[in-house]
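>
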Amino acid sequence: MAGTHVLTVDLCNADGCTRSNPLTFTVENGATEDPTDPSDPTDPPSDDCGIQPKPDGGYTLCQSDLDATEAAITDTELYRLVKDSIQTLNNDAVERVRPSRADNPDNVKRVERLLSQADWNYLFALADPAYNYTRFLQAVAKFKGFCATYDDGRDSDAICRKSLATMFAHFTQETGAHILSSPVDEYRQGLYYLREVGCTEGGSGCGYNAECNPATWQGKTWPCGTQPDGSFKQYFGRGAKQLSYNYNYGPFSEVIYGDVSVLLNHPDRVADSWLNLASAVFFFVTPQAPKPSMLHVIDGTWEPNAHDRSLNIEKGFGATTNIINGGIECGTASGVEKQQSKNRITYYKAHAAYLGVPVPDDEALGCANQGRFEVQGAGGMLIYWDQDWAYHPNNPEGASFACKLVGYQTAYSALIPGNYRQCVEHYFDVDIIEP
Numbered sequence: 001m002a003g004t005h006v007l008t009v010d011l012c013n014a015d016g017c018t019r020s021n022p023l024t025f026t027v028e029n030g031a032t033e034d035p036t037d038p039s040d041p042t043d044p045p046s047d048d049c050g051i052q053p054k055p056d057g058g059y060t061l062c063q064s065d066l067d068a069t070e071a072a073i074t075d076t077e078l079y080r081l082v083k084d085s086i087q088t089l090n091n092d093a094v095e096r097v098r099p100s101r102a103d104n105p106d107n108v109k110r111v112e113r114l115l116s117q118a119d120w121n122y123l124f125a126l127a128d129p130a131y132n133y134t135r136f137l138q139a140v141a142k143f144k145g146f147c148a149t150y151d152d153g154r155d156s157d158a159i160c161r162k163s164l165a166t167m168f169a170h171f172t173q174e175t176g177a178h179i180l181s182s183p184v185d186e187y188r189q190g191l192y193y194l195r196e197v198g199c200t201e202g203g204s205g206c207g208y209n210a211e212c213n214p215a216t217w218q219g220k221t222w223p224c225g226t227q228p229d230g231s232f233k234q235y236f237g238r239g240a241k242q243l244s245y246n247y248n249y250g251p252f253s254e255v256i257y258g259d260v261s262v263l264l265n266h267p268d269r270v271a272d273s274w275l276n277l278a279s280a281v282f283f284f285v286t287p288q289a290p291k292p293s294m295l296h297v298i299d300g301t302w303e304p305n306a307h308d309r310s311l312n313i314e315k316g317f318g319a320t321t322n323i324i325n326g327g328i329e330c331g332t333a334s335g336v337e338k339q340q341s342k343n344r345i346t347y348y349k350a351h352a353a354y355l356g357v358p359v360p361d362d363e364a365l366g367c368a369n370q371g372r373f374e375v376q377g378a379g380g381m382l383i384y385w386d387q388d389w390a391y392h393p394n395n396p397e398g399a400s401f402a403c404k405l406v407g408y409q410t411a412y413s414a415l416i417p418g419n420y421r422q423c424v425e426h427y428f429d430v431d432i433i434e435p
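Residues 1 to 435 in UniProt numbering are what the sequence shown spells out, letter by letter.
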């Protein structure tokens, strides 16, 4: 009944009764609120997050909890810088990119201003026709951090020019014709090979598919496509980076399409589309732990620390050779540059001269005296997730219900959105909910 009421409670036992203090309350419109009514918008929401058991076994976790855990683990300045540098543009927007198009992304416009169609044709005079200027601009568009604008005082144009000279030098070594008798200067013979020498689509050999075995974790994580006869697809070198193996095609596919299966089923796209150059830009901007990205070597984000210097790793072109092929070309027993590294230096100087990039006399161009990058170095971030085996006494079964960062390759990259959730789902009996 509406009105003001006083409530008292008598509490009685064998020795008598005591009365509680009076509680005064008001009822309006003849009704009181039921504090347990779930439809009451003033009630606090039910907290179903945390580790909750399911009636039929297993547990639930909230996506918000996973997001918070992942954010806390990767909350470092280096992670923020890396994530900024590997941001991507959607493929529809990428494929609209054309030379001189008014709506091209800003980083593409910078490249167009510094490198014209005529420059491209001159620098890659013997290139396979599949490597064209439009596709290069599309590859640049995909990765927003390449030739981006720096708002902290760094010279964006200078960084872009040096990035182009560095990338083109490595193109020439990896895919160049290397025809010494040609009237075309050797540094201009890059991008001659589209597919690995001796390999053809559907031909014999050149499988690079031993890791396709479904019994291996690589085969499970990046399941290989099959030919009509049931044999596995071929993952030989394709494109400017000569991308090889399913465990490289799969992650690249996930970055481009959000789906590992696309390029595992259609590896030829890495040769026959703008992906032939995008694969190289992807490698350029992405760290290969414990190595920094080549971009961060060039733009100054990576500064060698004491451990790097103890391995003779210094800023300069030589560090980028160490990143791309250090295990073979760097750290020679004799301290003398291998021929491949010498070639890269020659090509770099030539491309730098053409693009107006100064090469200081004291720049560390070679890598013969450099050791391999190690996790104690300035670029030694951990970029893969694996099961966290730590014991948590307050959790069910003492399990962590979490993944941790590790320094070896796993199926789950900390640089790819959604991989942390996939890691937790893989290792623990959980359903992820979004209340």
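Positions of the beta carbon are idealized from the N, C-alpha and C atoms, including for glycine.
So does the stretch 363-377 actually touch the stretch 205-215, counting three or more Cβ pairs closer than 8 Å?
The stretch 363-377 is not in contact with the stretch 205-215.
> Hey, how far is the Cα of F168 from the Cα of K144?
Separation of F168 and K144 (C-alpha to C-alpha, rounded to the nearest whole angstrom) is 19 Å.
> Quick one: complete alpha helix (DSSP H) runs, 4+ long, within the stretch 170-249?
Within the stretch 170-249, the runs of alpha helix (DSSP H) at least 4 residues long that lie entirely inside it are, in chain order, 217-221.
> Between L295 and F284, how many whole angstroms is the CB-CB distance? I'm expecting something under 8 Å.
6 Å
> Is it true that the stretch 308-318 meets the stretch 366-373, where meeting means three or more beta-carbon pairs spaced less than 8 Å apart?
The answer is yes - the stretch 366-373 touches the stretch 308-318, with three or more Cβ pairs under 8 Å.
> Taking A271 as the reference, give the member of E201, Q288, F124, G300 with the closest Cα.
E201
> What are the partner residues of D386, as DSSP defines its beta bridges?
K404
> Checking 7 Å against the spacing of the C-beta atoms, do residue 440 and T69 come in under that value?
Past the boundaries of the shown model lies residue 440; the chain is included only from 1 to 435, so the question cannot be answered.
> Sort C403, D431, N265, Y122 by Cα distance to Y420 and report the nearest one.
C403
> How many angstroms separate the CA atom of V6 from the CA atom of Q52?
Note on V6: pLDDT 48, under 50, position unreliable in the model; no value is reported.
> Candidates D259, V94, T221: which alpha carbon is nearest T410's?
T221
> Just list the residues that DSSP pairs L61 with in beta bridges.
I432, per the DSSP bridge assignment.
> Quick check on Q409: does DSSP put it in helix, strand or coil?
coil
> Starting from the Cα of Q138, find the closest Cα among P129, S64, L81, N107 and give me that residue.
N107
> Is the beta carbon of S279 sitting closer than 7 Å to the one on T286?
no
> With a threshold of 8 Å, are at least 3 pairs of Cβ atoms found where one atom belongs to the stretch 177-190 and the other to the stretch 112-121?
no
> I'd like to confirm something about A169: is its beta-carbon nearer than 6 Å to some heavy atom of the ligand MG, or not?
Looking at this structure, you won't find the ligand MG or any other ligand, since it has none at all.
> Taking only three categories from DSSP, how would you classify T286?
coil
> Looking only at its chain, what residues have a beta carbon closer than 8 Å to the beta carbon of L382, apart from the 5 residues adjacent to it on each side?
Result list for L382: A289, V375, L405, V406, G407, A414, in chain order.
> For T32, count neighbouring C-beta atoms within 10 Å of its own C-beta (all shown protein chains included) and say buried if the count is 16 or more, exposed if not.
Per-residue confidence for T32 stands at a pLDDT of 42, beneath the threshold of 50, marking its modelled position as unreliable; no derived number is given.
> Got a sec? Which residues, its chain only, sit under 7 Å from E337 by beta carbon, not counting five neighbours each side?
So the qualifying residues of the chain are G366, A368.
> Can you tell me whether Q52 is helix, strand or coil according to DSSP?
strand
> Nearest CA to the CA of V97: which residue from V82, Q87, D84, V111?
V111
> Using the Cα positions of P45 and C224, report the straight-line distance between them to the nearest angstrom.
Confidence at P45 is low in this model, with a pLDDT of 38, below 50, so the placement of that residue should be treated as unreliable; the coordinate-derived value is given next. If you take the alpha carbons of P45 and C224, they lie about 46 Å apart.
> My parser needs the alpha helix (DSSP H) runs of 4 or more residues fully inside the stretch 288-339; what are they?
294-299, 306-310, 317-329
> Hey, how far is the Cα of A352 from the Cα of C62?
52 Å
> Is it the case that the stretch 326-340 contacts the stretch 157-171, given that we only count it when at least three CB pairs across the two stretches are under 8 Å?
no
> Taking just the CA atoms, how far does E77 sit from K83?
10 Å
> Return the CA-CA distance between T42 and P435, expressed in angstroms with no decimal places.
For T42, the predicted model reports a pLDDT of 33, less than 50, meaning its position is unreliable; a value from the coordinates is still stated below. In a straight line, the C-alpha of T42 is about 18 Å away from that of P435.
> Please give me, in chain order, every unbroken run of the beta strand (DSSP E) with length at least 3 that falls completely inside the stretch 63-102.
List check, beta strand (DSSP E) in window: nothing returned.
> For Q189, which of G205, F124, P129 has the nearest alpha-carbon?
F124
> Is it the case that the Cβ atoms of T175 and Y150 are separated by a distance below 7 Å?
no
> Taking DSSP as the reference, what is the three-state secondary structure of F136?
helix
> Rounded to whole angstroms, what is the Cα-Cα separation between E303 and Y131?
33 Å
> On the DSSP bridge assignment, give the partners of F124 in chain order.
Q189
> Going by beta-carbon coordinates alone, are D429 and G58 separated by less than 7 Å?
A contact, by the Cβ cut-off of 7 Å.
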